[in-house]
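These notes are about the structure you will find just below.
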Amino acid sequence: MPPTLASLVQHSALKLTVRAGADRLDTPVRWAHASELADPVPYMDGGELLLVTATNLDAENAESMRRYVRRLAGAGVAGVGFAVGVNYDAIPAALLDAAEEAGLPVLEVPRRTPFLAISKAVSAAIAADQYRAVTAGFEAQRELTKAALAGDGPADLLARLAVHVDGWAALYDTSGAVLAAAPDWAARRAARLTPDVERLRDRPAPASVVVGDSEDRVELQSLGTGRRARGALAVGTGAALGTAERYAVHSAVALLTLTTARSRSLQGAEQRLGAAVLRMLLAGQPDHARAVAGDLYGGLLDAPFRLLIAEAAAPAGFDLLTETMEAAAARSGEALLMVPEGERVVVLAADGGTAVAACASYAEAQDDRAPREGGAEDSDVVVGLSAPCGPIAVSAAYKQAEQALSVARRRGRALVEHEELAAGSVLPLLADDAVRAFADGMLRALYEHDAKGRGDLVASLRAWLSRHGQWDAAAADLGVHRHTLRYRMRRVEEILGRSLDDPDVRMELWLALKATEAAAPAEN
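In my numbering, the protein residues as written are 9 to 532.
Encoded structure:
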């Protein structure tokens, strides 16, 4: 439960005393906010405990306080915390009378209790409530997942869901007929909602609608991943769903889709569950991910695995890669987690397993099929593969796979492993068209100067940079006097319009020279 005025009054460290509205202390408090404005309403969202010392209030004027309190009550303020011993030794009667008239609770805050302590207490209570809700939600996900994977049908899952939402739950088929309900008495209630289920069925999935009467509030959720729903879930409660209950319902929707849909919908539901596992892993929640993964993906998380990201220029090549990996995993009994992300897919597969080997073989065959002039974008698929990792390092593995994918695009290869990047040099990355264009633009004026027979500035620059600016050593490498080399470097600065004393300039020139060298073999 969120904090209430009553819970704050009962907080022994705050020493708050109720001076008005004692019958409204069950009001939830969304936040605690201090304001001395004569009219703070424009800055309120509702549900706040407003903390004041009445610095700018005519707190002893009955009409002024009546207007002030009415404005606060109309804005949904939960209550007023009035600090005594600052501007007033006691709460003015005009304010208390107005508060009683408007039904607005007023709490007396002793001088020794700072407003900050009240704000911290409210914040801590809200955080604790949210933590309880999330924990309860994950517990519901774990129980519902176990029920779904038990293979005993939806009855057990619905029974557990009904307990978690403190209400009832029912499952419908595509025609709107009730397949199962929990508790048993809910079947008759659920049957009366068939017309609503039929209307929901005609909307693209996923879809939801809230219906109900004087008995309860019912939320209908469609099941399925195609254009038409393949069933529906009804959840009846006495009030709107809270955070924990919402977790439970969303889990039930995914799991029921998994157990009731046909082959394509079944695959889609598995992907949604896998996406939830992946999101938790990326968020640094391996324990929650294991709980949600259950038997479906749990075995995958118990040993080192690889994360790969694949992009496709054509859906046909994309489908062929995923089908190849799925077939390999199925033959060996490996778990394989695939999550589509727009025009690409993220895959978790066992390190050293047949699925990763099948992906590598597919990419190798694609590279051997025909050389690509325009790089990886002309190929069917491009894959970036992370180093082996465990559940706690998935976020880092995701970045590794993205980096490898980016390099695969530039190099025109179907697959690049991150371990290649970690063990190699940065120099191969200079063979990028954009880097070559940069190098050409930076050095063109020097090459044009040398081509006219006016000196060997490029070679002199290379020698000087390779010797870290040591004049004698660089001059000796070139076989010229150091004064000659100094003259050439001044000419380089004049032609480029940049100072060689700037380390950034020296770095850019060195990379430009290396990029030119990397491009030279391809041009010969």
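Beta carbons: idealized from backbone N, C-alpha and C, even for Gly.
Enumerate in chain order the residues of its own chain whose CB-to-CB distance from residue i is below 7 Å, with the five nearest sequence positions on each side excluded.
i: MET52; result: ALA83, VAL85
i: ALA67; result: MET73, TYR96, PRO100, ALA102, LEU103
i: ILE400; result: PRO294
i: GLU531; result: For GLU531, the predicted structure reports a pLDDT of 42, less than 50, and the residue's modelled location is therefore unreliable. The matter cannot be settled from this model.
i: ALA110; result: VAL77, ARG78, ALA81
i: PRO348; result: GLN279
i: ALA248; result: ARG225
i: ALA98; result: VAL92
i: GLY382; result: Per-residue confidence for GLY382 stands at a pLDDT of 44, beneath the threshold of 50, marking its modelled position as unreliable; the derived number appears in the next sentence. Correct list: empty, nothing qualifies.
So, at 6 Å on beta carbons, what are the nonlocal neighbours of residue i in its own chain, with the 5 sequence-adjacent residues on each side left out?
i: ALA366; result: THR332, MET333, ALA336
i: LEU281; result: ALA262
i: LEU423; result: ALA371, VAL391
i: GLU206; result: GLY184
i: PRO118; result: LYS23
i: GLY220; result: VAL226
i: SER43; result: none
i: ALA195; result: VAL186, ALA189
i: ARG150; result: ALA299
Specify, as a first and last residue, the run of the alpha helix (DSSP H) that residue i falls within.
i: PRO203; result: 202-209
i: VAL243; result: Not the alpha helix (DSSP H): VAL243 falls in the beta strand (DSSP E), residues 239-245.
i: THR492; result: 490-504
i: ARG150; result: 123-157
i: VAL173; result: 163-173
i: VAL415; result: 402-419
i: ARG470; result: 465-474
i: VAL17; result: 13-17
i: LEU104; result: 101-110
i: TRP479; result: 479-486
i: LEU197; result: Contrary to the premise, residue 197 reads as Arg rather than Leu in this sequence. Here the alpha helix (DSSP H) through ARG197 covers 194-199.
Can you tell me whether DSSP reads residue i as helix, strand or coil?
i: HIS426; result: helix
i: ASP293; result: The sequence shown places Gln at residue 293, rather than the Asp named in the question. Residue state, collapsed to three classes: coil.
i: GLY87; result: strand
i: GLU229; result: Residue identity differs from the one stated: residue 229 is Gln in this sequence, not Glu. Strand at GLN229.
i: TRP176; result: strand
i: PRO212; result: coil
i: ARG27; result: strand
i: PRO36; result: strand
i: ARG270; result: A caution first: ARG270 carries a pLDDT of 45, below 50, which makes its placement in the model too unreliable to give a value.
Any idea if residue i is buried or exposed, counting beta-carbon neighbours within 10 angstroms, 16 or more meaning buried?
i: ILE503; result: exposed
i: PRO300; result: Inspection of the sequence shows that residue 300 is occupied by Val rather than by Pro. That one is buried.
i: TRP472; result: buried
i: ARG27; result: buried
i: ARG470; result: buried
i: ARG209; result: buried
i: ALA291; result: exposed
i: THR362; result: buried
i: LEU4; result: This structure cannot speak to residue 4, because the chain is shown only from 9 to 532.
i: ARG168; result: buried
i: GLU351; result: exposed
i: TRP193; result: exposed
i: GLN229; result: buried
i: TYR180; result: buried
i: GLN374; result: buried
i: MET346; result: buried
In terms of residues, what are the limits of the beta strand (DSSP E) holding residue i?
i: VAL117; result: 114-117
i: MET346; result: 344-349
i: ARG314; result: 313-320
i: VAL389; result: 389-393
i: GLY220; result: 216-220
i: ALA190; result: 186-190
i: LEU57; result: 56-60
i: ARG352; result: 352-358
i: TRP39; result: 39-42
CB of residue i to nearest heavy atom of the ligand SAH: below 7 Å?
i: PHE146; result: In the structure shown, the ligand SAH is absent, as is every other ligand, since no ligand is present at all.
Near residue i, which residues of its chain fall below 8 Å by C-beta distance, leaving aside the five closest residues on each side in sequence?
i: PRO19; result: For clarity, residue 19 is His in the given sequence; the question names Pro instead. Counting only Cβ-Cβ distances below 8 Å, and skipping sequence neighbours, we find ALA129.
i: LEU115; result: LEU13, LEU16, VAL17, LEU24, THR25, VAL26, ARG27, LEU57, GLY87, VAL88, GLY89, PHE90
i: ALA8; result: With the chain running from 9 to 532 in the structure shown, residue 8 is simply not present.
i: ARG140; result: ALA252
i: ALA30; result: PRO113
i: VAL173; result: VAL243, THR245, LEU249, GLU253, ALA256, VAL257
i: ALA395; result: ARG314, ALA405, GLN408, GLU425, HIS426, GLU427, ALA430
Using a Cβ-Cβ distance under 8 Å, would residue i count as near chain B?
i: GLY360; result: Of the protein chains in this structure there is only one, and it is not chain B.
Would you say the segment 237-250 touches the segment 120-130, given that touching needs at least three Cβ pairs under 8 Å? no
Using 8 Å as the threshold, is the segment 349-362 in touch with the segment 303-320, meaning 3 or more CB pairs across them? yes
Does the segment 451-471 come close enough to the segment 493-503 that 3 or more CB-CB pairs lie under 8 Å? yes
Does the structure place the segment 302-309 close enough to the segment 142-161 that three or more beta carbon pairs sit under 8 Å? yes
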